[in-house]
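Structure first, commentary second.
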Amino acid sequence: MKKLIAGNWKMNLDIGEAVKLIDQLTAELNDYDFEKADILVCPNFTCLYPVHELLKDSQILLGAQNMYHETEGAYTGETSGSMLKAVGCSYVILGHSERRKYFGETDEFINLKISKAQSYDLIPILCVGESLEERESDRHFEVVKSQLLKSLSGLDKDEVLKTTVAYEPVWAIGTGKNATSSEAQEMHKFIRDEVISGIVGDGSKSIRILYGGSLNENVSEELLSQPDIDGGLIGGASLKFGSFTKIIRSIK
Ligand code: 13P
445 MKKLIAGNWK MNLDIGEAVK LIDQLTAELN DYDFEKADIL VCPNFTCLYP VHELLKDSQI
505 LLGAQNMYHE TEGAYTGETS GSMLKAVGCS YVILGHSERR KYFGETDEFI NLKISKAQSY
565 DLIPILCVGE SLEERESDRH FEVVKSQLLK SLSGLDKDEV LKTTVAYEPV WAIGTGKNAT
625 SSEAQEMHKF IRDEVISGIV GDGSKSIRIL YGGSLNENVS EELLSQPDID GGLIGGASLK
685 FGSFTKIIRS IK
């Protein structure tokens, strides 16, 4: 499957910094063979429009980091799926562990957002992953399965097939301690063969499952060459032009 390398910039980079990074990326990837991988950047909301303008002649894709599940109305501070579409987004990250932790997002709430994103033809990147305590008590498979089933509940097969999953163990995010390739591969295979295949059967083979959590240029080749790892969702290293492009170039 064609890989996806996605940068989640989180609450980093103002417009000037974003423009600089995009200028560097588009220049560096001018000769890139986009048959090898799809490349996606997910800036903060204030940077979506300027980044969209800069990416007009590029194959680099644009995504948002969140969206609200209502169509429009009195929801101060929120952003709708149609607004994201209008600014050129094709992807939206939903259910990131930071949103679950700091903003109380539940699987049920994330489920509403996934469904709404699908209705706008935005590809949701559904983030799941266990905490350190859950892994240490050997509950990581059960936790990830429950997050997936609840977040995908009520979606029809086609919608599930159009969803990208990101396995991001919470203990690996921003810690410098990535999951080993065997830990990640084991979980990705479980997600594909034990959970998603239960919903869409053989179609699970075509679902993209990204790994996220301290993914950097030193470990990307090893992690991204695992059979069930279809790309990466990258935080810190996606803010550094050199690291992000090395990760992209590590895909053979
Ligand atoms: P880091 O790559 O900074 O660990 O963040 C991963 C992440 O949360 C991407 O969504």
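Everything in the sequence shown is counted per the working numbering, starting at 445 for the first residue and increasing by one.
Ideal Cβ placement from N, Cα and C applies to all residues, glycine included.
A quick note: this is a predicted structure, and the numbers were derived from the prediction, not measured.
Delimiting residues of the alpha helix (DSSP H) encompassing Cys491: 489-498
DSSP state of Gly451 mapped onto helix, strand, coil: strand
Got a sec: does ligand 1 put a non-hydrogen atom nearer than 6 Å to the Cβ of Gly679? yes
Please state the DSSP three-state secondary structure of Ile673. coil
Residue(s) in a DSSP beta bridge with Tyr535: Gly507, Ile567
Taking Cβ to Cβ, would you say Phe634 is nearer than 7 Å to Leu465? no
Of the residues Phe489, Ala481, Arg579, which one's Cα is nearest the Cα of Asn456? Phe489
Contact set for Lys480: own chain, Cβ-Cβ below 6 Å, skip 5 residues either direction: Ile695
Residue interval of the alpha helix (DSSP H) (run including Tyr546): 541-547
Report yes or no: do the segment 667-682 and the segment 644-656 share at least 3 C-beta pairs separated by less than 8 Å? yes
By how many angstroms is the C-alpha of Gly517 removed from the C-alpha of Thr624? 45 Å
Helix, strand or coil: how does DSSP classify Leu473 here? helix
Beta-bridge pairing of Tyr611 - partner residues as DSSP gives them: Val572, Tyr655
Can you look up Leu484 in the DSSP assignment and give me helix, strand or coil? strand
Leaving out the 5 sequence neighbours to the left and right, which residues in its chain are closer than 8 Å to Tyr564 when beta-carbon positions are compared? Gly525, Ser526, Leu528, Lys529
With burial defined as no fewer than 16 other Cβ atoms inside 10 Å of the residue's Cβ, what is the status of Ala508: buried or exposed? buried
Any heavy atom of ligand 2 closer than 6 Å to the Cβ of Ile617? Only ligand 1 can be found as ligands here, which leaves ligand 2 out of the picture.
Exposed or buried, Asp551, counting other C-beta atoms within 10 Å across all chains shown (16 or more means buried)? buried
Shorter than 6 Å, the distance from the beta carbon of Gly675 to the closest heavy atom of ligand 1, or not? no
Where Ile617 sits in the DSSP three-state scheme: coil
Give me the residue from Glu577, Asp602, Ser664, Asn660 with the minimum Cα distance to Ile640. Asp602
Contacting residues, own chain, Cβ-Cβ under 6 Å from Val663 (five flanking each side not counted): Asn622
Beta-ladder partner(s) of Ile678, from DSSP: Gly451
Rounded to the nearest angstrom, how far is the Cβ of Asn702 from that of Ile537, given a contact under 8 Å? For the chain, the structure presents residues 445 to 696; residue 702 sits outside this window and is missing.
Quick check: the Cα distance between Lys500 and Leu576, rounded to an integer number of angstroms? 41 Å
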